[in-house]
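Comments concern the structure below.
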Amino acid sequence: MAQSLRTPGALGVIAELARHRSGPAARRHEAVRVALLRAVVLSGLGAIAVLAAAGRVIRLLDGDDPREDRAVRALQDALGHRPGDGDAVGATASAQSGEPREMLDVLTAPLSWYSGVPQTIANGAIWCGATWLLTRDRRSAIAPATALALETTCFVASAALVRRPRPDRVWRPEQPHATSSFPSGHTAAAFALHGTLADLLDRHGARGARLLGPILRYGIPGAIAFSRVYRGQHHISDTVAGVALGVWSAGVVRRAMLSS
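Residue numbering for the sequence shown follows numbering that gives the first Met the number 0, starting at 0 and increasing by one per position.
Right under this line is the structure:
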């Protein structure tokens, strides 16, 4: 074996393999990996730090029962909702009474459901598969999942650092998740995913991109953000932070994966 490696033929093969691994194509792939690392990982750490600091400052300045919740309570009260109506007993009694539901309740319920964790994961997976089938472009196909992964990582880490309680003394028809109220993960995921879908329409010149783009980028996720506040799941500032996180996540993916 040692003798064969000393032959000119074996040395030539080894040298050729080394040149192939360090050729222009390999260097380009390495440059892309480094750029993605810097764009996604390092900027993600910065986003976590900013969100955590903002959440702690908000809690320090306005406490855990902020003045912003007064507007939400006033709107809920004007439409006939009271604190406790959404708990298990209240919800069952309301359903059995057959009372008609007011319009905002009817409109926001499916939006809140649509933005749930299982639905968002399934939505992202479906769009990754559909994008691959339609474009056969690897970067485009993984862009929705990348945006959601980046948003989720920043959300989970910053929420663990902030630990803000959910709004108190509000109507809440669904049980909230055990995570911190700040930032709103449902809002952030909606803006990250739908913003990336709008970017994919622009990248591939899809028909109707000018009409569908704003609806995807702002309309659907904006309605979800409102539903999370109206249904007592979040303070207003939670959703503002969620909007910022989602828009930023989609922007990172757009610059790192879809702009070239």
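No residue lacks a Cβ here, since even glycine has one placed at the ideal position from N, Cα and C. Model, not experiment: these values are computed from the prediction.
Margin query: Cutting at 6 angstroms between CB atoms, please list the residues of its own chain near His-233, excluding the five before and the five after it.
Written below: By 1-based counting over the sequence shown, the position of residue 233 is 234. Closer than 6 angstroms at the Cβ level, and outside the excluded window around His-233, lie Ser-180, Ser-183 and Arg-227.
Ile-125 classed as buried or exposed, judged by whether at least 16 other C-beta atoms fall within 10 angstroms
The residue given as residue 125 occupies position 126 in the sequence shown. Ile-125 is exposed by the Cβ-count criterion.
Taking all protein chains shown into account, do 16 or more other C-beta atoms lie within 10 angstroms of the C-beta of Ala-87, making it buried, or fewer, making it exposed?
Counting from one through the sequence shown, the residue named residue 87 turns up at place 88. With a pLDDT of only 47 at Ala-87, under 50, the local geometry of the prediction cannot be trusted, and no value is derived from it.
message: If I measure Cβ to Cβ from Trp-170 and keep anything under 7 angstroms in the same chain, skipping five residues before and after, which residues do I get?
response: Numbered from 1 along the sequence shown, position 171 holds the residue referred to as residue 170. Excluding sequence neighbours, Trp-170 sits near Gln-75, His-80, Arg-81, Pro-82, Asp-84, Gly-85 and Gly-231.
Inset, instruction - Could you please give the first and the last residue of the uninterrupted alpha helix (DSSP H) stretch that includes Ala-208? - result: Position 209 of the sequence shown, counting from 1, holds the residue named residue 208. Residues 208-213.
Rank Pro-166, Ala-73, Arg-100 and Gly-123 by C-alpha distance to the C-alpha of Ala-189 and give the top, closest one. Locating residue 189 in the sequence shown gives position 190, counting from the first residue. The shortest C-alpha separation from Ala-189 is found at Gly-123.
| So Ala-197 and Arg-216 are in contact, right, with Cβ under 8 angstroms, and what is the actual spacing, rounded? | Residue mapping note: residue 197 aligns to position 198 of the sequence shown, counting from 1. Residue mapping note: residue 216 aligns to position 217 of the sequence shown, counting from 1. Sure, about 4 angstroms apart at Cβ, within 8 angstroms.
Can you tell me which of Ile-214, Ser-258 and Pro-172 puts its alpha carbon nearest to the alpha carbon of Arg-202? Taking the sequence shown and counting its residues from 1, the one referred to as residue 202 is at position 203. Comparing Cα-Cα distances from Arg-202 to each of Ile-214, Ser-258 and Pro-172, the minimum goes to Ser-258.
| message | Let me make sure I understand the geometry here. Which of Pro-220, Ala-208 and Leu-199 has the alpha-carbon closest to that of Thr-238? | response | As a first step, residue 238 is located in the sequence shown; it is residue number 239 there, counting from the start. Nearest C-alpha to Thr-238: Pro-220.
Unbroken alpha helix (DSSP H) runs of length 4 or more, entirely within the segment 148-204: which are they?
184-202
Next item on the list: In the DSSP assignment, find the alpha helix (DSSP H) that holds Pro-117 and state where it starts and stops.
Entry: Reading the sequence shown from its first residue, position 118 is the one you call residue 117. It spans 116-134 - the alpha helix (DSSP H) in which Pro-117 sits, taken as one unbroken run.
(message) By the DSSP assignment, the alpha helix (DSSP H) with Val-252 in it spans what residues?
(response) Translated into the one-based positions of the sequence shown, residue 252 becomes position 253. Note, Val-252: alpha helix (DSSP H), 235-252.
> Taking buried to mean at least 16 other C-beta atoms within 10 Å of its own C-beta, is Met-102 buried or exposed?
Replying inline: Reading the sequence shown from its first residue, position 103 is the one you call residue 102. Result: exposed.
**Asked** Is the segment 156-165 touching the segment 42-56, taking contact as three or more C-beta pairs under 8 angstroms?
**Response** yes
Let's test the definition: count the other Cβ atoms within 10 Å of the Cβ of Ala-121 and tell me whether it reaches 16, buried, or not, exposed.
Taking the sequence shown and counting its residues from 1, the one referred to as residue 121 is at position 122. The residue is exposed, with fewer than 16 neighbouring Cβ atoms inside 10 Å.
ask   = With burial defined as no fewer than 16 other Cβ atoms inside 10 Å of the residue's Cβ, what is the status of Val-40: buried or exposed?
value = Position 41 of the sequence shown holds residue 40. So Val-40 counts as exposed.
task = Let me know the secondary structure DSSP gives Ser-258 once reduced to three states.
result = Position 259 of the sequence shown, counted from the first residue, corresponds to residue 258. Here Ser-258 sits in coil by DSSP.
Can you tell me which of the three DSSP states Leu-78 falls into? For this step, residue 78 is matched to residue 79 along the sequence shown. Residue state, collapsed to three classes: coil.
Quiz item: Out of curiosity, what's the CA-to-CA distance linking Ala-77 and Val-251?
Solution: Numbered from its first residue, the sequence shown carries residue 77 at position 78. Numbered from its first residue, the sequence shown carries residue 251 at position 252. When rounded, the distance between both Cα atoms is 41 angstroms.
Straight-line Cα distance separating Gly-218 from Gly-212 | Here residue 212 corresponds to residue number 213 of the sequence shown, with the count starting at 1. Here residue 218 corresponds to residue number 219 of the sequence shown, with the count starting at 1. For Gly-212 and Gly-218, the distance between alpha carbons rounds to 9 angstroms.
Practice problem: Go to Asp-61, then tell me how far its alpha helix (DSSP H) extends in each direction, as first and last residue. | Solution: Residue 61 sits at position 62 when you count from the first residue of the sequence shown. It spans 42-61 - the alpha helix (DSSP H) in which Asp-61 sits, taken as one unbroken run.
| said: If I measure Cβ to Cβ from Gly-43 and keep anything under 7 angstroms in the same chain, skipping five residues before and after, which residues do I get? | reply: For this step, residue 43 is matched to residue 44 along the sequence shown. For Gly-43, where only same-chain residues beyond five positions count, the Cβ hits under 7 angstroms are Leu-149, Thr-152 and Cys-153.
Next on the checklist: Going by beta-carbon coordinates alone, are Ile-235 and Glu-67 separated by less than 8 angstroms?
Outcome noted: Indexing the sequence shown from 1 puts residue 235 at position 236. Indexing the sequence shown from 1 puts residue 67 at position 68. Yes; because the gap between Cβ atoms is below 8 angstroms, this pair is in contact.
- Task: Specify the secondary structure class of Arg-37 as computed by DSSP and reduced to three states.
- Result: What you label residue 37 is simply residue 38 of the sequence shown in a count that begins at 1. Looking at Arg-37 - three-state DSSP - the assignment turns out to be helix.
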